[in-house]
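In the UniProt record's numbering, the protein residues as written are 1 to 424.
The C-beta atom is built at its ideal place from N, Cα and C for all residues, glycine as well.
All values reported here derive from a predicted model rather than from experimental measurement.
Notes follow once the structure below has been shown.
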């Protein structure tokens with residue numbers, strides 16, 4: 001009797017195994033028939049997206065897995081060393097499938113040493129949906145190596161109460177009005193603004209160069225040509241540095257202001273009435289002085305309305321064993337529906353339809369950033385751009401320290417930039 005029961009149990013077990021094996025083969029056959037690859041990929045991302053295990057990027061990865069069966073592993077790295085970490089891994093033949101890259105020339109740097117996969121053959125699927133200037137930051141020597149994910153730009157923050165006390169009735173709309181505002185703020189015992197040196201300083205200098213019609217580096221020819229020391233560049237640097245040297249409109253701390261937190265400090269402490277920054281200042285102000293009554297306006301216009309385009313791109317590692325899966329995930333992240341993911345981080349999507357998004361409608365403070373996107377210009381796409389940007393900050397510093405005139409400073413750093421480009 002027991003033998004018969006055992007035989008029956010064995011038969012049931014074999015039947016069950018046959019069912020599951022059959023289902024498994026059926027699912028594999030279905031996946032093969034649909035032409036969809038399954039597996040796992042890794043996304044290396046700046047760690048500002050991963051402060052807690054509940055952050056939206058993790059939920060997005062889970063949602064993508066539920067939709068596609070593709071597991072996306074998130075590898076968080078500080079923005080200060082993500083480029084170096086990726087480079088080291090990729091040079092060794094490994095690394096993540098996808099990496100997030102600052103659009104400050106990082107894509108060009110990595111493409112130049114063969115670490116990124118070209119994507120022109122895939123890009124036609126989404127090219128028309130992306131902001132052209134943001135997309136341009138991914139093109140190196142005529143080949144596209146990445147997709148813009150989100151963008152930011154520079155605007156003007158101003159202290160409303162301080163403006164009222166100084167008799168400034170509206171945020172300055174042009175350079176002359178900015179100069180006048182700095183004078184009026186100085187007259188009531190306040191500084192007009194603070195300004196960084198180093199790389200953040202170079203970022204800010206770029207915006208003023210662009211406003212004065214300067215291309216910084218002309219990349220229209222066969223070889224990049226440094227032009228930031230031309231007349232328009234000298235005019236722009238002279239205007240900025242005069243706000244300190246001539247009108248004493250910046251605090252002495254400007255000589256050692258190397259970080260954005262240092263830039264924000266006089267504004268947060270209500271010692272200065274203006275600060276130029278991107279959207280990352282909002283969180284700093286909220287944390288440092290939540291009751292500060294401030295407004296946001298476009299940058300004062302020089303010869304033309306312009307701001308500097310920042311943000312991050314998504315690129316595929318040349319070593320990826322799953323480049324099609326990596327592309328599918330990038331494409332998914334770039335869809336209009338996924339703009340809400342970026343909105344949860346107060347980031348602005350690099351899509352053309354961002355201006356019409358619910359995020360902008362529900363957060364009016366960001367509407368200025370979206371408006372400025374129309375006037376924003378990407379930085380020159382050349383290798384070693386980060387160092388060249390730092391040179392521009394160093395040029396500003398050398399003038400306010402009394403070491404050089406604006407022309408001398410720009411000539412010095414133009415020569416260094418030319419040598420850097422020539423040695424690439």
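Query: Cut-off 6 Å between Cβ atoms - residues of its own chain near residue 367, not counting five sequence neighbours on either side; Result: 360
Query: Inter-residue Cα distance where the pair is residue 197 and residue 70; Result: 44 Å
Query: Helix, strand or coil at residue 280 according to DSSP, with G and I counted as helix; Result: coil
Query: Cα-Cα separation between residue 143 and residue 377, rounded to whole angstroms; Result: 20 Å
Query: Simplified DSSP assignment, three categories, for residue 93; Result: coil
Query: Selected residue, minimal CA-CA separation from residue 288, among 295, 326, 268; Result: 268
Query: Residue nearest to residue 350 in terms of C-alpha spacing, selected from 384, 383, 310; Result: 310
Query: Pairwise C-alpha distance: residue 274 and residue 123; Result: 41 Å
Query: Distance between residue 386 and residue 375 (C-alpha atoms, nearest Å); Result: 22 Å
Query: Given 8 Å, three or more beta-carbon pairs between the stretch 310-323 and the stretch 143-156; Result: yes
Query: Spatially closest choice to residue 256 from 56, 401, 108, 67, by CA coordinates; Result: 401
Query: For residue 211 and residue 424, the rounded distance between their alpha carbons; Result: 29 Å
Query: Residue 131 versus residue 343: straight-line alpha-carbon distance, rounded; Result: 17 Å
Query: Reference residue 120, options 240, 145, 339, 199, closest by Cα; Result: 145
Query: Per-residue DSSP class, three states only, for residue 132; Result: helix
Query: Which of helix, strand or coil DSSP assigns to residue 401; Result: coil
Query: Buried/exposed call for residue 82, threshold 16 Cβ in 10 Å; Result: buried
Query: Supposed contact pair residue 316 and residue 97 - C-beta distance, whole angstroms, cut 8 Å; Result: 7 Å
Query: Residue from 381, 379, 403, 413 whose Cα sits closest to the Cα of residue 393; Result: 413
Query: Rounded distance between the beta-carbons of residue 90 and residue 301, thought under 8 Å; Result: Actually they do not touch by this definition, with Cβ atoms about 42 Å apart.
Query: Span separating the alpha-carbon of residue 102 from that of residue 140; Result: 15 Å
Query: Three-state class that DSSP yields for residue 44 in the structure shown; Result: strand
Query: Same chain, Cβ closer than 7 Å to residue 420, neighbours up to 5 away in sequence not counted; Result: 384, 387, 388
Query: Residue 416 to residue 58 span [Cα, whole Å]; Result: 43 Å
Query: Residue 427 versus 168, 218, 260, 177, residue with shortest Cα-Cα distance; Result: The chain is shown from 1 up to 424; residue 427 falls before or after that span and cannot be answered.
Query: Sequence-distant residues of its chain with Cβ nearer than 7 Å to residue 163 (five each side left out); Result: 273
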